[in-house]
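Presented below is the structure to which this report refers.
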Amino acid sequence: MWQALKNALSHHPSSFRGIVKVKPTLQPNRRRRFDLWVKNEVAAGLQRALKLHHQGRKHLTSVLKANQLPWRQLITNMMLPRYRLCRWKSYRDRALTKSPQKPPIPPTTLRSFLTWNINGIGSKLPMLKEILKQECVSVAGIQEHVRDVTQYAPGIPNYVLFDRPKEAGFRGHCLYVHSSLNAHEVITDNRHLIYAKIFGLTGAKPWHVLLVYMPSGNLRRTDRAAVWEHLRQLLEGLDPTANVTLMGDFNQDTETISRILERGSLSHLHLQISKDPSADHTHRIRHTPGRYIDHFINSPEVLGLVTHPRVDNTTTDISDHWPVFLPHTKTLTKTPPTRKVWNQKLLSGHGINLALSHKWDCLKTEEITSQQELDEAAALWVTTLNQTGEELHLLAIPRERQQLSFDRTTLNAINKSKLARKAYLLAQQTGDLPLTLRKRGHLDAAANRAKLAIKKFAQKTKLLKAQRLNSLLVENEAADFHKIIQQAQSKNTGAQGIEPCFNSSNRLATTTSDILQARAEYSATLAADPTTISRDPNMWTHLTPAPPPQEPLHISRIVTEGSDTQGVLP
-16 MWQALKNALS
-6 HHPSSFRGIV
4 KVKPTLQPNR
14 RRRFDLWVKN
24 EVAAGLQRAL
34 KLHHQGRKHL
44 TSVLKANQLP
54 WRQLITNMML
64 PRYRLCRWKS
74 YRDRALTKSP
84 QKPPIPPTTL
94 RSFLTWNING
104 IGSKLPMLKE
114 ILKQECVSVA
124 GIQEHVRDVT
134 QYAPGIPNYV
144 LFDRPKEAGF
154 RGHCLYVHSS
164 LNAHEVITDN
174 RHLIYAKIFG
184 LTGAKPWHVL
194 LVYMPSGNLR
204 RTDRAAVWEH
214 LRQLLEGLDP
224 TANVTLMGDF
234 NQDTETISRI
244 LERGSLSHLH
254 LQISKDPSAD
264 HTHRIRHTPG
274 RYIDHFINSP
284 EVLGLVTHPR
294 VDNTTTDISD
304 HWPVFLPHTK
314 TLTKTPPTRK
324 VWNQKLLSGH
334 GINLALSHKW
344 DCLKTEEITS
354 QQELDEAAAL
364 WVTTLNQTGE
374 ELHLLAIPRE
384 RQQLSFDRTT
394 LNAINKSKLA
404 RKAYLLAQQT
414 GDLPLTLRKR
424 GHLDAAANRA
434 KLAIKKFAQK
444 TKLLKAQRLN
454 SLLVENEAAD
464 FHKIIQQAQS
474 KNTGAQGIEP
484 CFNSSNRLAT
494 TTSDILQARA
504 EYSATLAADP
514 TTISRDPNMW
524 THLTPAPPPQ
534 EPLHISRIVT
544 EGSDTQGVLP
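Quick look at the structure:
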């Protein structure tokens, strides 16, 4: 291997000088591995210099095909495409411990639907998560998230996302459905509609939810009429007794929509619009009266399951639209997850313990003669695998995801903005103009501080997540070492059989149990790390080599024209 590295790095002498040590390691019943100690300044470009990246392996394959040398000469003259250069990962050798389980989370009651034109979800996503958690929202329709197809989808834990990305002349919208509900999307050709069929809200009967985001502007009446026609075609194919809810930003006031539902082509569907009687607008426009354009439209069967909508004009004003909620009369309970999953990280380093369990002794497959015996053996194999995984803490119920919560500074700014909004509304009711103007100034200042605090919190959350991912990459926790090695071996030689090997006592192990025991002892030795290479940073430090001695520099006098030494050679 040393000679092969020297030949492969002939054009990179500095990289070759950075290799401090090469140690061959014979793993029990595995391929030979070479451990390389490399200096920090040359480690980053070593993979490309050895041509062990994707393009380099293609080049090595073409060179090997054109070369006629014996394989014994090839392994010393160059790198082979089957080689993989990976950083050593200490995570796979750590001891197995049972992860602490948090106390069970009480069931969550889902209480309402939500529609909100958020006007850009970028820095407002933390506030949306907080509202969904506080109000226990089951289905949320968000308009104008302003996310195109090249950006990450604005996902939220415990919610399933159905998305329409932003396009030219269209600001995008999305629909969130709680993960405890079974929902699937019915594909439509109109980008202004998201049609989801949801099970679990009313027993076995589905609930048809259509999120609508109408085109805005007085010059786009024809486009809005086309959306209404598409809605009519979708709803006419449903059962007359179906539960149907249309919600979203219709960009039309209550009177216009009521006229369309009563006199238009949708009159035979008997749809009715639901409105908050205490609110006169959902879209606030500065210095002009607002408009009520965010609506809920329900079928007659749904009217008995919901109450009047509620326009929330005190929680937040980070958007020019208020959030609108449609409460359920029947609450729904969300059960915590009970499905057990395999811990992939623990399997990477401790899968050998799963194979060495004594529980596999009960599995006999030598005398299988019929399909029934094969089915029984397969069922017993699955049962044994699950029981062994639970005993080794490799198979368990995952912990609940940590819910997002604002820090104290952001919460104080949001609460002060709520109090200022309530004080302003109360001053408006009293009719005192000087007091109203004074409270309006307090509200503007508190709202600006709340917006800035939410934006800073969103930036801080993104920065912390980026730092955590960066630390995983730096510590090599994100490198899937075993998966790369396994894929490389399976593509070249297939699965390896049980081969004899030497155990820790230098005795040759020939039986299956002895070979597996030798592999387990070797893995335990690696995990113990007797050389403390992975724990002692001093093992990886090196002294800068002294510069080579320089030859003396001979400097001769410069002969100038007209000098006394003209014509005399030095």
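Read in the working numbering, the sequence shown has 256 at position 273, and its numbers run on one by one without any break.
Where is the CB? At the ideal position from N, CA and C, for every residue including glycine.
Near residue i, which residues of its chain fall below 7 Å by C-beta distance, leaving aside the five closest residues on each side in sequence?
i: F153; result: R174
i: Q411; result: T419
i: D18; result: K6 and T8
i: T224; result: E284
i: P292; result: S257, K258, D259, F279, V307, F308 and L309
i: S162; result: N141, Y142 and V143
Would you mind giving the Cβ-Cβ distance between residue i and residue j, rounded to the nearest angstrom? I have them listed as a contact below 8 Å.
i: N326; j: V285; result: Not quite, the Cβ-Cβ distance comes to about 43 Å (not below 8 Å), so this is no contact.
i: P483; j: T495; result: About 10 Å; that fails the 8 Å criterion.
i: A179; j: V160; result: 6 Å
i: T44; j: A(-13); result: That pair is no contact at about 16 Å.
i: T367; j: K342; result: 5 Å
i: T444; j: P140; result: Actually they do not touch by this definition, with Cβ atoms about 13 Å apart.
i: R94; j: P310; result: 6 Å
Quick one, are the C-beta atoms of residue i and residue j less than 8 Å apart?
i: T312; j: V294; result: no
i: T299; j: I170; result: no
i: L144; j: A136; result: yes
i: A362; j: L346; result: no
i: M62; j: L35; result: yes
i: P148; j: D131; result: yes
i: V554; j: L249; result: Lying outside -16 to 553, the shown extent of the chain, residue 554 is not represented and no answer is given.
i: L339; j: L499; result: yes
i: I301; j: I280; result: no
i: F308; j: E127; result: no
i: F182; j: L164; result: yes
i: F389; j: E212; result: no
i: A429; j: K405; result: no
i: W99; j: H270; result: no
i: L554; j: L252; result: Residue 554 lies beyond the residue range present for the chain, which begins at -16 and ends at 553; the question has no answer from this structure.
i: L559; j: T371; result: No answer is possible for residue 559: the residues shown for the chain start at -16 and end at 553.
i: A32; j: H(-5); result: yes
i: P283; j: N234; result: no
i: Y407; j: R423; result: yes
i: A436; j: T392; result: yes
i: I351; j: R502; result: no
i: L378; j: N369; result: yes
i: L115; j: I101; result: no
Near residue i, which residues of its chain fall below 6 Å by C-beta distance, leaving aside the five closest residues on each side in sequence?
i: S106; result: K438 and A441
i: G273; result: H264, H266 and R267
i: H425; result: A403
i: P381; result: V324
i: Q533; result: none
i: W(-15); result: V5
i: I104; result: H128 and P137
i: L244; result: L254
i: E504; result: S487
i: E168; result: F145 and A179
Going by beta carbon distance, what residues of the same chain come within less than 8 Å of residue i, once the five residues before and after it are set aside?
i: D497; result: N486
i: W364; result: L346
Please tell me whether residue i has its Cβ less than 8 Å away from any Cβ of chain C.
i: T185; result: The chain labelled as chain C is not found in the depicted structure, where only one protein chain is given.
**Study point:** 4 or more residues per run - each alpha helix (DSSP H) lying fully within the stretch 220 to 282
**Key:** 237 to 246
Review point. Do the stretch 237 to 250 and the stretch 194 to 205 make contact, defined as three or more Cβ pairs closer than 8 Å?
Key: no
Check your understanding: Hey, is the stretch 217 to 236 in contact with the stretch 184 to 194, meaning 3+ C-beta pairs nearer than 8 Å?
Key -> yes
Exercise for review: Return the chain-ordered ranges of every alpha helix (DSSP H) run that is complete within the stretch 319 to 400 and spans a minimum of 4 residues.
Suggested key: 327 to 338 and 354 to 374
Check your understanding: Taking only runs of the alpha helix (DSSP H) that begin and end inside the stretch -7 to 81, which ones reach a length of at least 4 residues, in chain order?
Key -> -4 to 0, 23 to 26, 29 to 32, 37 to 49 and 54 to 60
Check your understanding: So does the stretch 119 to 127 actually touch the stretch 57 to 74, counting three or more Cβ pairs closer than 8 Å?
Key -> no
Review point. Fully enclosed by the stretch 96 to 184, which beta strand (DSSP E) runs are 3 residues long or longer?
Key: 120 to 126, 142 to 147, 156 to 161 and 165 to 169
Review point. Within the chosen definition, does the stretch 22 to 29 reach the stretch -16 to 1 through at least 3 CB pairs nearer than 8 Å?
Key: yes
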